[in-house]
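> Before I ask anything, let me first share the structure, which is written out below as structure tokens.
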Amino acid sequence: MNQETKSFYDSLADDYHLIFAGWKKSAKRQGQILAGILKGIGCKPPAEILDCSCGIGTQAIGLALQGYNVLRTDLSPKSILRAKKETRRFGVKIEYRTASFQELPAVMGKQVDAAIACDNSLPHLLTDKSLFVALRNIQAVIGPGGVFLASIRDYDAILESKPNVTQRMKLESGRKQSFSFQEWIWKKKAHVYTLNHFILKKSGFRNIAWLMPNQSGFYQPIVVGFKNK
Ligand SMILES: C[S@@+](CC[C@H](N)C(=O)[O-])C[C@H]1O[C@@H](n2cnc3c(N)ncnc32)[C@H](O)[C@@H]1O
59 MNQETKSFYD
69 SLADDYHLIF
79 AGWKKSAKRQ
89 GQILAGILKG
99 IGCKPPAEIL
109 DCSCGIGTQA
119 IGLALQGYNV
129 LRTDLSPKSI
139 LRAKKETRRF
149 GVKIEYRTAS
159 FQELPAVMGK
169 QVDAAIACDN
179 SLPHLLTDKS
189 LFVALRNIQA
199 VIGPGGVFLA
209 SIRDYDAILE
219 SKPNVTQRMK
229 LESGRKQSFS
239 FQEWIWKKKA
249 HVYTLNHFIL
259 KKSGFRNIAW
269 LMPNQSGFYQ
279 PIVVGFKNK
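Our numbering puts the first residue of the sequence shown at 59, with every later residue one more than the last.
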């Protein structure tokens with residue numbers, strides 16, 4: 059499955075920004091919101107943050123702009139290449155490595171104060187076992203007392219209606235206009251969309267809590283879990 063996900067994000071890397079209307083502004087805004095949450099739980103700049111599904115860098119760049127020391131990893135080499143370009147454009151400094159969640163401890167070789175995996179990265183892991191391994195590996199690269207934040211689509215609401223397409227987004231850049239949307243083809247047994255706290259607890263994170271968009275201002279629900287001291 060990693061190979062399929064990697065090819066998908068490699069092919070999307072040049073266009074990933076089109077998912078957001080105004081990607082640059084969104085990167086700044088998401089960085090502000092995530093920094094607010096991190097500061098609120100005692101993780102202040104210049105703490106070291108690992109974005110372990112950094113993609114083209116939306117949240118990583120946003121957090122670097124807020125004064126955090128950011129490291130980033132991702133499965134998709136092309137997304138990492140694009141992220142490097144975007145980082146230069148924003149004038150921030152960030153370290154990169156290509157790595158899947160499964161490879162994190164070996165590739166990182168050190169621990170950070172916090173880790174993030176935003177934009178619905180974890181649901182790419184389609185079995186409980188792969189999710190469990192990923193969470194254990196993420197936990198292994200977080201230092202004692204550190205924190206993990208993941209933002210995930212609100213699947214409780216989605217499963218009620220099982221939409222086949224996402225809302226169309228209109229994007230405008232100068233005189234150019236484009237639209238972005240996703241088609242969702244549901245499998246009869248849609249268990250791949252099931253995500254719950256049970257897995258997170260089993261993987262060792264504690265004090266797990268959800269921050270819904272109306273509480274955080276972030277566009278997706280965020281799950282927060284702490285590592286034992
Ligand atoms: C929806 S994108 C989010 C990208 C990023 N947060 C951003 O905004 O630019 C999901 C990301 O998760 C990464 N990903 C998916 N499965 C992964 C895995 N097993 N290990 C590491 N990264 C993974 C993908 O390569 C992709 O870049």
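Glycine residues also receive a C-beta, built at the ideal position from the N, C-alpha and C atoms. The structure presented is a predicted model; accordingly, all values stated were derived computationally and were not measured.
Going by the C-beta, is Leu-133 closer than 7 Å to any heavy atom of ligand 1?
yes
> Locate the alpha helix (DSSP H) running through Ala-118, then write down its first and last residues.
Boundaries of the alpha helix (DSSP H) around Ala-118: 116-123.
> Taking the alpha-carbon positions, what's the Ser-118 to Glu-218 distance?
The question names Ser, yet the displayed sequence has Ala at residue 118. Taking the straight line from one Cα to the other gives about 32 Å.
> What residues match up with Asn-127 in a beta bridge as DSSP calls it?
Glu-106
> Sorted by chain position, which residues of the same chain lie with C-beta nearer than 7 Å to Phe-78's C-beta, five sequence neighbours on each side aside?
Ser-84
> Name the residue from Gln-124, Ile-107, Trp-268 whose alpha carbon lies nearest to the alpha carbon of Ile-91.
Gln-124
> State the CB to CB distance for the pair Lys-64 and Leu-133, rounded to an integer number of angstroms; the pair is presumed to be in contact (CB under 8 Å).
5 Å
> Quick one: what's got a C-beta closer than 8 Å to Ala-60's C-beta in the same chain, skipping five residues either side?
According to the sequence shown, residue 60 is Asn rather than Ala. Leu-133, Ser-158, Gln-160.
> Examine ligand 1 and report whether any of its heavy atoms sits within less than 7 Å of the Cβ of Asn-178.
Residue side-chain check: Asn-178 places its Cβ nearer than 7 Å to a non-hydrogen atom of ligand 1.
> Have a look at Gly-94, Ala-71, Asp-72, Leu-70 and flag the residue whose alpha-carbon is nearest the alpha-carbon of Gly-275.
Gly-94
> Check whether the Cβ of Phe-284 lies closer than 7 Å to any heavy atom of ligand 1, and answer yes or no.
Checking the Cβ of Phe-284 against ligand 1 gives no.
> Taking DSSP as the reference, what is the three-state secondary structure of Tyr-154?
If DSSP states are grouped into helix, strand and coil, Tyr-154 belongs with the strands.
> Determine which residues share a DSSP beta bridge with Arg-264 and list them.
DSSP, once it has assigned bridges, lists Phe-284 as partnering Arg-264.
> To the nearest angstrom, how far is the alpha carbon of Ile-257 from that of Ser-209?
Reliability of the predicted coordinates at Ile-257 is poor, the pLDDT of 27 falling under 50, and the value obtained from them is presented with this limitation in mind. The alpha-carbon atoms of Ile-257 and Ser-209 are separated by roughly 15 Å.
> Can you give the Cα-Cα distance for Asp-72 and Glu-106, rounded to whole angstroms?
28 Å
> My output table needs one value for Ile-99: the three-state DSSP class, helix, strand or coil.
Residue state, collapsed to three classes: coil.
> Assuming Leu-162 is part of the alpha helix (DSSP H), what are its boundary residues?
Start and end: 162-166.
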